[in-house]
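Trainee:
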Amino acid sequence: MVIPAAMRDQIVAHARAGLPNEACGLIGGRDGRAERFYPAQPDEPSPYYYRIESRDQIRIMNEIDEAGLDLIGIYHSHVSSPAYPSRTDSEQAFWPDAVYLIVSLAGGGADLKGYLIGESGITEEPIEIA
926 MVIPAAMRDQ IVAHARAGLP NEACGLIGGR DGRAERFYPA QPDEPSPYYY
976 RIESRDQIRI MNEIDEAGLD LIGIYHSHVS SPAYPSRTDS EQAFWPDAVY
1026 LIVSLAGGGA DLKGYLIGES GITEEPIEIA
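Take any residue in the sequence shown, note its place counting from 1, add 925, and you have its number in this note's numbering.
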């Protein structure tokens, strides 16, 4: 997935603004190129997991569709653990074609990684910052 540097900065800022809880959002784009970041409201704010509020998810999915984009990424932050899908993340990965982006804020930094999560397991997906 290719992400513009400005979008990466927006995602990291959104993750930090969500502290002490995890933050989440969706990414619209085409052909593996991220074009738009959609911050989302969490259903139940928590430092341990994320779930996008259902009405907000529907609103964002409609906006992605109306813009002629595809859902290419689902983002969330990890407050104190590495940028790797947790067991809960893997169990709740219902979009096998989307790249799951995780921003780890552990240690005060911001480590962004992407993964494909499907029936065959977890595969790291290269992220190119353009």
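Glycine included, C-beta positions come from ideal geometry on N, C-alpha and C.
(1) Under 7 Å between the Cβ atoms of L996 and A1023?
(2) When we look at the beta-carbon of S1002 and count the other beta-carbons within 10 Å, is it buried (16 or more) or exposed?
(3) Tell me which residue opens and which closes the beta strand (DSSP E) that R958 is part of.
(4) Hey, P1010 and Y1040: beta-carbon distance below 7 Å or not?
(5) Return the Cβ separation of P967 and R976 in integer angstroms, given the expectation that the two are a contact with Cβ distance under 8 Å.
(6) Below 7 Å between beta carbons: does that hold for A1035 and S1005?
(7) Have a look at R958, A938, V937 and P972 and flag the residue whose alpha-carbon is nearest the alpha-carbon of R946.
(8) Have a look at M986 and G1033 and give me their C-alpha separation to the nearest angstrom.
(9) By the DSSP assignment, the alpha helix (DSSP H) with R980 in it spans what residues?
(10) Which first and last residues belong to the alpha helix (DSSP H) in which S1015 is found?
(11) From G1046 to A930, what does the alpha carbon distance come to, in whole angstroms?
(12) In whole angstroms, give me the CA-to-CA distance for M932 and I1054.
Mentor: In short:
(1) Going by C-beta atoms, L996 is nearer than 7 Å to A1023.
(2) Within a 10 Å sphere around the beta-carbon of S1002 sit 16 or more other beta-carbons, which makes this residue buried.
(3) DSSP places R958 in the uninterrupted beta strand (DSSP E) bounded by R958 to A965.
(4) Closer than 7 Å, so yes.
(5) Confirmed, about 6 Å.
(6) No; because the gap between Cβ atoms is not below 7 Å, this pair is not in contact.
(7) In the sequence on display, residue 946 carries Asn and not Arg. If we check each option's Cα against that of N946, P972 comes out closest.
(8) Each residue's alpha carbon lies about 32 Å from the other.
(9) Counting along the chain, the alpha helix (DSSP H) containing R980 begins and ends at S979 to E991.
(10) Where S1015 is concerned, the enclosing alpha helix (DSSP H) stretches over R1012 to E1016.
(11) CA-to-CA, the gap between G1046 and A930 works out to about 29 Å.
(12) So the two alpha carbons sit approximately 9 Å from each other.
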